Amino acid sequence: MGYPLGIWKRLAVLAGVLSVFFVEGLWLFVAILVRSVVMGLTSLAVIVLTIWLFHTRLYEKRKVRYPLVPPEGKTDIYFPRTNIPRPVYADFRSIEERKEKLEKVKKKVKRKGK
Numbered sequence: 741m742g743y744p745l746g747i748w749k750r751l752a753v754l755a756g757v758l759s760v761f762f763v764e765g766l767w768l769f770v771a772i773l774v775r776s777v778v779m780g781l782t783s784l785a786v787i788v789l790t791i792w793l794f795h796t797r798l799y800e801k802r803k804v805r806y807p808l809v810p811p812e813g814k815t816d817i818y819f820p821r822t823n824i825p826r827p828v829y830a831d832f833r834s835i836e837e838r839k840e841k842l843e844k845v846k847k848k849v850k851r852k853g854k
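Per the numbering used here, the very first residue in the sequence shown carries number 741; after that it's consecutive.
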């Protein structure tokens, strides 16, 4: 028969990881041959960043907190790189919206239980 999708997904991720590390390893090898400190440090930084991203996305299965690009191409003045603190009222508004959604879900669950 066929393999489950999970195995193919793991193989695709493994192929991606190996290709990234091969390219970065080659880049590091060239940096050592040329004896370029900046090139070697850049390569090591990219390798560490790649390992961290794969660890957080695949093993911890959580999304990166801030996107590298603003959603839908819209810029936000409170984007994390601008160092402008997000207003507190926006956070409270989102908390209130979550509470309302949770109350609606609880009401639906109570109705189904009767």
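The beta-carbon is built from N, C-alpha and C at its ideal position, and this holds for glycine as well.
All of these numbers come straight from a predicted model, not from anything done at the bench.
Check, Outcome
"How about V763 and T790: are their beta carbons less than 8 Å apart?", "no"
"If you run the structure through DSSP and keep just helix, strand and coil, what is S783?", "helix"
"Please classify L768 as buried or exposed, where buried requires at least 16 other C-beta atoms within 10 Å of its C-beta.", "buried"
"Using only alpha-carbon positions, find the residue among K841, K847, L754 that is nearest to F794.", "L754"
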